[in-house]
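Trainee: Numbering (UniProt numbering), first residue to last: 1 to 489. Note that beta-carbon positions come from the ideal geometry of N, C-alpha and C, so glycine has one too. I'd like to ask you about the structure that follows.
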């Protein structure tokens, strides 16, 4: 039996069992009109004021597309609150695609520092250079061309740029949209499955109105981000209550959750049509009854794939401080141009085993410095000063932090290639350098340790300078005794 035929029969089976159109996981023509009107009305009243939305309304379509492009790349895997400041600084420095194309990757990484997922910055930079060098500075205006021509632009980003900047009637699917559509249509298949992804794109394209495609797509994302949220959706004020399959499923359940919704007015008497309970196990898009958890309510949707346990790695890292004639500097090494955190700068670090001694770890660091960078540390015994943890999407790093201050460093650098791997940088320049968040955590731990050591030393110094009151009294008694002896003579 073909895959298409199997899916069709499953869908028909579902419709037959339910006895209504509600479990076709689709919208009727009337529902599409209702959702468009209600969602846009809500958006017009509740849209957030965001910097990229202001720039996306400027008359120059190319500048508008660039503004949307930058924002969408920054917003991937990153919260709006975090992106705002980065976006404003970025657009002030590189207001057009031409400005960005003339920047170096080092400058781009420095601007991106702390935002995470650094490959996004490189692809954005590569895309800007391609637009200027190969497309005469004109950003493609359709989703298909954006997807085809620009590095790092996927189906979602292409749809966002095309609809918001150029008014193309095309849908978008991101995490927020998946959540909204899965609840509206009761799609309980794992959200990353082929069947679910295909359905989400189909529904998204159907919903987009020709007259306001960009605003509708933004409304759908805004709705998912602020109202139809992952953990605490505000169903009692939702403008799409009557169209929500997940809410219908909650209302018909005899559970505390349905009681809560009834208290907020979410009942069948409120106009929400409730289906009779039927077995829908045969439908590949329905949520199996065995997975339904009454306590979660509408948050049963979407069903997310099980995450693989991230790898755990331990690294020894050393913050080397060197006093030069022009002030204190810190040693940084550049990461490879490919792989995790490509091209960024680190404090020297090397993989170790978590159960190794401090002495063994530091010796491993010394060997790494000498063999790879031509730098020899004379003192080869140090105790770690801190432990720092940082989580990446697929790996968890634990850093064993060592400090090596005021060393007499012998440079054995012989080739320009070796020299390009290291950099001595001032404390002030560290703030704007292309360091990862993990390395900034390491340096914070280093500074906190030094601050504590300085405070200890200050206490010792104060104690040394403080006069001993008991010794003073003893001296007075002794002076009096000697004086009385003299008088007796």
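Would you call the segment 85-95 in contact with the segment 171-184, where contact means no fewer than 3 C-beta pairs closer than 8 Å?
Mentor: No: the two stretches stay apart, fewer than three of their Cβ pairs being nearer than 8 Å.
Trainee: Exposed or buried, what is residue 292 when buried is set at 16 or more other beta-carbons lying within 10 Å of its beta-carbon?
Mentor: Exposed: under 16 other Cβ atoms inside 10 Å.
Trainee: Could you work out which residue in 96, 344, 328 is closest to residue 425 when comparing CA atoms only?
Mentor: For residue 425, the nearest C-alpha among the options comes from 328.
Trainee: For residue 64, count the other beta carbons within 10 Å of its own beta carbon; 16 or more makes it buried, fewer makes it exposed. Which is it?
Mentor: Buried, by the Cβ-count rule.
Trainee: What separation, rounded to the nearest whole angstrom, lies between the Cα atoms of residue 109 and residue 211?
Mentor: Between residue 109 and residue 211, the C-alpha separation is close to 39 Å.
Trainee: Mind pulling the alpha helix (DSSP H) runs of 4 or more residues that sit fully within the segment 324-363?
Mentor: As far as the segment 324-363 is concerned, it has no whole alpha helix (DSSP H) run of at least 4 residues.
Trainee: Looking at residue 185 and the ligand ATP, is the gap between the Cβ and the nearest heavy atom below 7 Å?
Mentor: Here there are no bound small molecules, and the ligand ATP is not part of this structure.
Trainee: So, with DSSP's three-state summary, where would you put residue 183?
Mentor: Here residue 183 sits in helix by DSSP.
Trainee: Using 8 Å as the threshold, is the segment 44-57 in touch with the segment 193-201, meaning 3 or more CB pairs across them?
Mentor: Contact fails: fewer than three Cβ-Cβ distances are below 8 Å.
Trainee: Given a cut-off of 8 Å, decide if residue 224 and residue 176 are closer than it, judged by their beta-carbon atoms.
Mentor: Cβ distance < 8 Å, so residue 176 and residue 224 count as in contact.
Trainee: Of all the options 439, 404, 146, which has the alpha carbon lying nearest to the alpha carbon of residue 375?
Mentor: Residue 375 has its Cα closest to that of 404, out of 439, 404, 146.
Trainee: With residue 251 as the anchor, note down where its alpha helix (DSSP H) starts and where it stops.
Mentor: Segment 245-251, the alpha helix (DSSP H) holding residue 251.
Trainee: Around the C-beta of residue 296, are 16 or more other C-beta atoms found within 10 angstroms, so that it is buried, or is it exposed?
Mentor: The residue in question, residue 296, is exposed, as its Cβ has fewer than 16 Cβ neighbours within 10 Å.
Trainee: Within 10 Å of its beta-carbon, does residue 25 have 16 or more other beta-carbons around it, so buried, or fewer, so exposed?
Mentor: Buried is the call here.
Trainee: For the alpha helix (DSSP H) that residue 43 lies in, which residues bound it at each end?
Mentor: Unbroken alpha helix (DSSP H) run through residue 43: 29-46.
Trainee: Counting contacts by CB-CB distance shorter than 8 Å, is residue 444 in contact with chain C?
Mentor: Of the chains in the structure shown, none is chain C; there is only one protein chain.
Trainee: Beta carbon of residue 401, beta carbon of residue 330: below 8 Å?
Mentor: Not a contact, by the Cβ cut-off of 8 Å.
Trainee: Once the 5 residues before and after residue 129 are set aside, which same chain residues still bring their CB inside 6 Å of it?
Mentor: Excluding positions up to five away in sequence, the list reads 101.
Trainee: Looking at the secondary structure, which residues open and close the beta strand (DSSP E) in which residue 387 lies?
Mentor: Note, residue 387: beta strand (DSSP E), 386-391.
Trainee: Is it true that the CB of residue 68 sits closer than 8 Å to the CB of residue 490?
Mentor: Nothing can be reported for residue 490: it is not among the residues displayed for the chain, which extend from 1 to 489.
Trainee: Which partner residues of residue 423 appear in the DSSP bridge assignment?
Mentor: In DSSP, residue 423 forms a bridge with 332.
Trainee: If contact is defined by three or more beta carbon pairs under 8 Å, each pair taking one atom from either stretch, is the segment 31-46 in contact with the segment 237-252?
Mentor: With a cut-off of 8 Å, the segment 31-46 and the segment 237-252 count as touching, because enough Cβ pairs lie within range.
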